[in-house]
Amino acid sequence: MQARQLEVFCMLMRTGTVTGAAAMLNISQPALSQILLHAEDQLGFKLFNRLRGKLVPTREAEELYPECERIFSELSALRRRTTDMRFGRTGLIRIAASAPPAMSIVPKALLSFRAAHPDIVVRSLIAPLVNVVDMIRDGDAPLGIVMNNTARPGIDVETLGHTQLVCIIPEHHRLAELDRIGFADLQNETLISYRAGTLPGRLLISAAAAEKQIFNPAIEIDISITALPFVRDGFGVAIVDRLLPWQQFPGLVLRPLQQKISVPIALLTSRDRPLTGSHLAMRDDLREACASVLKAGGLES
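The opening position of the sequence shown corresponds to residue 7 in my numbering, with each subsequent residue numbered one higher.
Below you can see the structure in the form of structure tokens.
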């Protein structure tokens, strides 16, 4: 039984008349009768008998009806959902982000997006850069936001702004008395920072060399948030991005570096998969949220 035949059958069972079913389905009575005849021909048995001008369901119709009604209801729900998706009223948004933007930019964007689209489900994923790139390429997440704007095959990279690298110090540490931290100040400290293979790591190696100093972390990280427990527990001091809301963690002091080192914040999308209307709206909110976060933190945009 085809979808249209299913609709006609269920509506006839509901209303009991050709006139009522045709009105509900917004088709003519002859057209409805023709669809019913075709359905009965395909099934090989009658669904209705006419008694004194009325349609009386056959035993086969009575047996089929509960299952047909369930399928008819599911088809109706599917049509409503696809209509809502077409007009951006519902659906699923998937964002993959590295930890700093996931903890600062994404929540602000979600606040704005959910206010305008309360029925859309948002799936926020936190992952390292390499995994975010893979999710964009595989279609697992149409939107990605990371701290690296390197060009990548098959991916559109939009630089949203820049954040700075700063030094995070335990509040009673001797370096907390300084207004700015230079690489010379860190030479006798246990340093926690990015490994050399990361973009921030490469920038720090170059900046240290300009001061004729060595950048050599004792504890290497890929994601800045992983430095938090080491600094908090007194293992050493860390050079990390300023994008994370470090002020929310008690016992820490933030100091700028003597050299201004900026790290890009980039929005990633696939070149091969156009964004849906909902994802386009979320992209705009991510752009605005990034600008707002950077402005509020006194960072460059």
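Glycine included, every Cβ here is placed at the ideal spot set by N, Cα and C.
Check, Outcome
"Around the C-beta of S212, are 16 or more other C-beta atoms found within 10 angstroms, so that it is buried, or is it exposed?", "exposed"
"So, A190 versus E217, is the Cβ gap smaller than 8 Å?", "yes"
"Who are the near neighbours of D278 in its chain, counting only those whose CB is closer than 7 Å to its CB and skipping five residues on each side?", "G160"
"Mind the definition here: the segment 113-127 touches the segment 70-82 only if three or more C-beta pairs lie below 8 Å; say whether that holds.", "no"
"To the nearest whole angstrom, what separates the beta carbons of R261 and V172, a pair I think is in contact under 8 Å?", "7 Å"
"Going by beta-carbon coordinates alone, are I41 and V299 separated by less than 8 Å?", "no"
"My output table needs one value for H179: the three-state DSSP class, helix, strand or coil.", "coil"
"For the alpha helix (DSSP H) containing P36, name the first residue and the last one.", "Q35 to L49"
"With 16 other CB atoms within 10 Å as the buried threshold, where does I220 fall?", "exposed"
"Please classify L274: is it buried, with 16 or more other beta-carbons within 10 angstroms of its beta-carbon, or exposed?", "buried"
"Pick from E68, A37, R58 and I174: whose alpha carbon is nearest that of K52?", "E68"
"DSSP three-state label for F241, please.", "coil"
"Closest to D291 by CA distance: which of I227, Q193, G188 and K114 is it?", "K114"
"For M141, which residues in the same chain have their Cβ closer than 6 Å to its Cβ, ignoring the five residues on either side in sequence?", "A102 and A147"
"Could you give the residue range of the beta strand (DSSP E) that holds P270?", "S268 to S276"
"Measuring alpha carbon to alpha carbon, tell me which of L98, E13, V152 and Q48 ends up nearest E80.", "E13"
"Straight-line CA distance for E306 to S104?", "Since pLDDT at E306 reaches only 49, below the 50 mark, its modelled position is unreliable, and the value read off the structure follows with that caveat. Each residue's alpha carbon lies about 20 Å from the other."
"Under a three-way DSSP split, which group does G97 fall into?", "strand"
"Going by the C-beta, is E164 closer than 7 Å to any heavy atom of the ligand ZN?", "Questions concerning the ligand ZN fall outside what the structure shown contains, since it holds no ligand whatsoever."
"Please report the distance separating the alpha-carbon of S39 from that of R289.", "50 Å"
"Go ahead and pull the three-state DSSP assignment for F255.", "coil"
"Between the C-alpha atoms of R180 and N222, what's the straight-line distance to the nearest angstrom?", "20 Å"
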